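For reference, the structure discussed in these notes is given below.
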């Protein structure tokens, strides 16, 4: 019996540049408001998008459930290509948290754009994190939120992306981009091949 190892990935901030999409929507919606300043996605360092000062958290949360978010969201650099390559050897599982409309839209998005991936949605109205998902058989779990990494039972975990307020306390593996992910997987395998 051949056992195919899993690579488990978060969606927002790991596979998808969700911060850029949110900033673009915000900049478009509020450009004519008093006190508006355009926000660049790399300037966001707060979980609640406090930098988007013309909108409250509830308004920002609604963006994640809108079809226009999924029309404009882009993949993180090299994410799609790397996942396609890795899918030849690994089972790719996307475990993403959100509210039900967001999770349904994400599942549809990934069926269209990364059909080889399995999608597991974590309903934030029921679960505070991803700890109820068994990741014990994964080669690697990638997330940009340290709380999700800390509570996971995955044997090897890596924080994806830049250091933000929601992951600055992470002291384990850190990968800045998808090229780093490939390098880490090669290192974990020990044979120099992905």
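In our numbering, the protein residues as written are 110 to 303.
Using N, Cα and C, we set each Cβ at its ideal position, and we do this for glycine too.
Just so you know, these numbers come straight off a predicted model, no measurement behind them.
#### Entry: Same chain, Cβ closer than 7 Å to residue 290, neighbours up to 5 away in sequence not counted
For the purposes of this step, residue 290 is taken as residue 181 along the chain shown, with counting starting at 1. So the list reads 191, 251 and 284, once near-sequence residues are dropped.
### Query
Given that a residue counts as buried once 16 or more other Cβ atoms are within 10 Å of its Cβ, and exposed if not, what is residue 287?
As a working note, residue 287 is residue 178 in the chain shown. Its Cβ being crowded by 16 or more others within 10 Å, residue 287 is buried.
### Query
Between residue 276 and the rest of its own chain, which residues show a CB-CB distance below 7 Å, the 5 nearest in sequence each way excluded?
Along the chain shown, one-based indexing puts residue 276 at 167. Excluding positions up to five away in sequence, the list reads 253, 254, 255 and 268.
### Query
Cα separation between residue 166 and residue 138?
Locating residue 166 in the chain shown gives position 57, counting from the first residue. Locating residue 138 in the chain shown gives position 29, counting from the first residue. Answer to the nearest angstrom: the Cα atoms are 15 Å apart.
#### Entry: Under 7 Å between C-beta atoms of residue 228 and residue 209
Along the chain shown, one-based indexing puts residue 228 at 119. Along the chain shown, one-based indexing puts residue 209 at 100. In this structure, residue 209 does not lie closer than 7 Å to residue 228 by Cβ.
### Message
Can you tell me where the alpha helix (DSSP H) holding residue 251 begins and where it ends?
### Response
The sequence position of residue 251 within the chain shown is 142, counting from 1. It is not in any alpha helix (DSSP H) - residue 251 instead sits in the beta strand (DSSP E) that spans 247 to 252.
#### Entry: Complete alpha helix (DSSP H) runs within the region 122 to 199 (minimum length 4 residues, chain order)
127 to 139, 166 to 172, 176 to 181 and 188 to 195
### Task
Select from 274, 185 and 216 the residue whose C-alpha is nearest the C-alpha of residue 123.
Position 14 of the chain shown, counted from the first residue, corresponds to residue 123. Selected option, being the one with the closest Cα: 185.
### Rounded C-alpha distance that separates residue 298 from residue 188
Translated into positions along the chain shown, residue 298 becomes position 189. Translated into positions along the chain shown, residue 188 becomes position 79. Whole-angstrom Cα-Cα distance: 20 Å.
### Task
Starting from the Cα of residue 339, find the closest Cα among 146, 128 and 119 and give me that residue.
The first residue shown for the chain is 110 and the last is 303, placing residue 339 beyond what the model contains.
### Task
Report all residues from its chain with a CB closer than 7 Å to the CB of residue 280; omit the five preceding and five following residues, and keep chain order.
Along the chain shown, read from residue 1 onward, the residue named residue 280 stands at position 171. Excluding sequence neighbours, residue 280 sits near nothing in its chain.
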